[in-house]
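Chemist: For the sequence shown, my numbering assigns the number 332 to the initial residue and increments by one for each residue that follows.
Even glycine gets a Cβ: it sits at the ideal position worked out from N, Cα and C.
Input: one structure, supplied below.
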Amino acid sequence: MNDTLLIALYAFAGAAASGLAGAGVLRLIRRRSLTASLTVVAAVGVVAMLAGTLAVAWAMFLSPHDLTVVTTVVAMAAVVSLATALVLGRWVVARSRALAVAARSFGDGGDFAAPDGPATAELEYLSRELAATSARLAESRERERALETSRRELVAWISHDLRTPLAGLRAMSEALEDGVAADPARYLKQIRTEVERLNDMVGDLFELSRIHAGTLPLTPSRISLYDLVGDALAGADPLAREHGVRLVGGRIEPVPVEVDGKEMSRVLGNLLVNAIRRTPADGTVAIGAERTAEGVVLSVTDSCGGILPEDLPRVFDTGWRGTHARTPPAGAGLGPAIVRGIVEAHQGRATVRNIPGGCRFEVVLPAAAS
């Protein structure tokens, strides 16, 4: 037992000395290639075994022949270990460089494509993470391009919509100032109308900015759909009469919802105004409300003739107007964008689809707890 313990101590001492020396070397070359580190690790294992063997041989007074045999065996093991470490290191380094080249491609604006061939579990995991990151970056770039396009369109349309009433206001004010207005009362009435139009536009822009900033204040309360729909129909009735459009309250189920009454009234009002302006005279705009498996669905159906299929995904984009035939007579096309923002703030969603002869806008909201 004492001999075994003594052999273990001598072997440990020799191996520990080699291990400490190897750790020091690894620290010195920590910024070098992985091949060098693997070579040092392999060398440490072989040298540790050789040091322990030599220490035991010295303590046990082995014969020179036995010591030569042991040393030769350890040397052959060292050759094989170092060769294996070099091969492994070069393979891992080559795979890492290929991964770096692939990562550089999506860093320059391209898509990441993992290099072909087998890889270690860690490098394979890194490849999957880079691929996921590349996909998120691509989505982010697409969203950024869409937002930039939407911003440019909004600025252009807002500039146009501001220029038109401002030019009219300037002309009418100059006519009044010069005393050449044939009917000053009519001019004053028209000025007031244009000012209200500009005020509504500024209000829409302010509302949209709060939605985009995530600062839209909501005060949810339990409200009956009857009240929401009734108020929306009463508010849109004068505009419908002016355009010769019939407003119809369809199937309205007695379902309570937890929403901000003011903001949700704005949603229904924007949808009804949008539908009335798109519907020709003698057409019909219908509003409905019902409970489904998805939640509470509020719908507004118009008789506009439909939207081009390629334009449907953009209906709720900021400032979108589509074809000239659908350009509103006032405003900057912000109504649908405000609708989507308010609905999403209520954890709902807004959709639109074509139906025979028109469009159907739907707002899906979570049902109130019983």
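Is the CB-CB distance between residue 549 and residue 627 below 9 Å?
Modeler: Locating residue 549 in the sequence shown gives position 218, where the first residue counts as 1. Locating residue 627 in the sequence shown gives position 296, where the first residue counts as 1. No, the pair does not count as a contact, with Cβ atoms beyond the cut-off.
Chemist: Can you list, in chain order, the residues of its chain whose CB lies under 6 Å from that of residue 693, leaving out five sequence neighbours each side?
Modeler: By 1-based counting over the sequence shown, the position of residue 693 is 362. Only 628, 630 and 682 meet the Cβ criterion.
Chemist: Is the stretch 499–516 close to the stretch 475–489, with three or more CB pairs under 8 Å?
Modeler: Taking 8 Å as the limit for Cβ pairs, the verdict is that the stretch 475–489 does not touch the stretch 499–516.
Chemist: List the endpoints of the continuous alpha helix (DSSP H) containing residue 570.
Modeler: Along the sequence shown, one-based indexing puts residue 570 at 239. From DSSP, the alpha helix (DSSP H) with residue 570 extends over 556–574.
Chemist: Could you tell me which residues DSSP puts in a beta bridge with residue 692?
Modeler: Within the sequence shown, numbered from 1, the residue matching residue 692 stands at position 361. Beta-bridge pairing links residue 692 to 631 and 683.
Chemist: Using DSSP with H/G/I as helix, E/B as strand and the rest coil, what is residue 656?
Modeler: Taking the first residue of the sequence shown as position 1, residue 656 is located at position 325. Low confidence applies to residue 656: its pLDDT is 40, below 50, so where it sits in the model is not reliable, and the reading given next is rough at best. Three-state result, residue 656: helix.
Chemist: Taking only three categories from DSSP, how would you classify residue 513?
Modeler: Counted from its first residue, the sequence shown places residue 513 at position 182. Here residue 513 sits in coil by DSSP.
Chemist: Ordered along the chain, which non-local residues of its own chain (more than five positions away) have a Cβ less than 7 Å from that of residue 593?
Modeler: Counted from its first residue, the sequence shown places residue 593 at position 262. Nothing meets the Cβ criterion.
Chemist: Residues in its own chain within less than 7 Å of residue 344 by CB, not counting five upstream and five downstream?
Modeler: Numbered from its first residue, the sequence shown carries residue 344 at position 13. Closer than 7 Å at the Cβ level, and outside the excluded window around residue 344, lie 386.
Chemist: Can you tell which of 413, 384, 410 and 649 has the C-alpha that lies nearest to the C-alpha of residue 399?
Modeler: Reading the sequence shown from its first residue, position 68 is the one you call residue 399. Ranking the options by Cα distance to residue 399, first place goes to 384.
Chemist: Roughly how many angstroms lie between the CA atoms of residue 533 and residue 434, to the nearest whole one?
Modeler: Sequence index remark: in the sequence shown, residue 533 carries index 202 (1-based). Sequence index remark: in the sequence shown, residue 434 carries index 103 (1-based). Between residue 533 and residue 434, the C-alpha separation is close to 46 Å.
Chemist: Would you check if there are 3 or more beta carbon pairs closer than 8 Å linking the stretch 568–587 to the stretch 611–618?
Modeler: Touching, yes, given that three or more Cβ pairs across the two stretches are closer than 8 Å.
Chemist: Any contact of the stretch 671–690 with the stretch 635–643, i.e. 3+ C-beta pairs under 8 Å?
Modeler: With the cut-off at 8 Å, the stretch 671–690 and the stretch 635–643 touch.
Chemist: Assuming residue 588 and residue 676 form a contact by the criterion Cβ under 8 Å, report the distance between their Cβ atoms to the nearest whole angstrom.
Modeler: Locating residue 588 in the sequence shown gives position 257, counting from the first residue. Locating residue 676 in the sequence shown gives position 345, counting from the first residue. With 8 Å as the limit, residue 588 and residue 676 do not qualify as a contact, their Cβ atoms being about 14 Å apart.
Chemist: Confirm, please, whether the CB-CB distance from residue 602 to residue 545 is below 9 Å.
Modeler: Counted from its first residue, the sequence shown places residue 545 at position 214. Counted from its first residue, the sequence shown places residue 602 at position 271. No.
Chemist: How many angstroms separate the CA atom of residue 604 from the CA atom of residue 531?
Modeler: As a first step, residue 604 is located in the sequence shown; it is residue number 273 there, counting from the start. As a first step, residue 531 is located in the sequence shown; it is residue number 200 there, counting from the start. Roughly 13 Å separates the two Cα atoms.
Chemist: To the nearest angstrom, report how far apart residue 624 and residue 574 are at their CA atoms.
Modeler: The residue given as residue 624 occupies position 293 in the sequence shown. The residue given as residue 574 occupies position 243 in the sequence shown. Looking at the two C-alpha atoms, the distance is approximately 36 Å.
Chemist: Counting only the same chain and skipping the five closest in sequence on each side, list residues whose C-beta sits under 6 Å from that of residue 541.
Modeler: As a working note, residue 541 is residue 210 in the sequence shown. 547, listed in sequence order.
Chemist: CA-CA distance, residue 585 and residue 561?
Modeler: Taking the sequence shown and counting its residues from 1, one reaches residue 585 at position 254. Taking the sequence shown and counting its residues from 1, one reaches residue 561 at position 230. Computed Cα separation, rounded: 12 Å.
Chemist: Can you tell me whether residue 606 is buried or exposed, with buried defined as 16 or more other CB within 10 angstroms of its CB?
Modeler: Counting from one through the sequence shown, the residue named residue 606 turns up at place 275. Residue 606 comes out buried.
Chemist: Straight-line CA distance for residue 507 to residue 522?
Modeler: In the sequence shown, residue 507 corresponds to position 176, counting from 1. In the sequence shown, residue 522 corresponds to position 191, counting from 1. Taking the straight line joining both Cα atoms gives about 11 Å.
Chemist: Let me know the alpha helix (DSSP H) ranges lying completely inside the stretch 450–511, each 4 residues or longer, listed in chain order.
Modeler: Whole alpha helix (DSSP H) segments, 4+ residues: 452–509.
Chemist: Just the C-alpha distance for residue 375 and residue 357, rounded to the nearest angstrom, thanks.
Modeler: Walking along the sequence shown from the start, residue 375 turns up at place 44. Walking along the sequence shown from the start, residue 357 turns up at place 26. Whole-angstrom Cα-Cα distance: 10 Å.
Chemist: Report the partner residues of residue 553 according to the DSSP bridge assignment.
Modeler: Counted from its first residue, the sequence shown places residue 553 at position 222. Answer is 589, bridged to residue 553.
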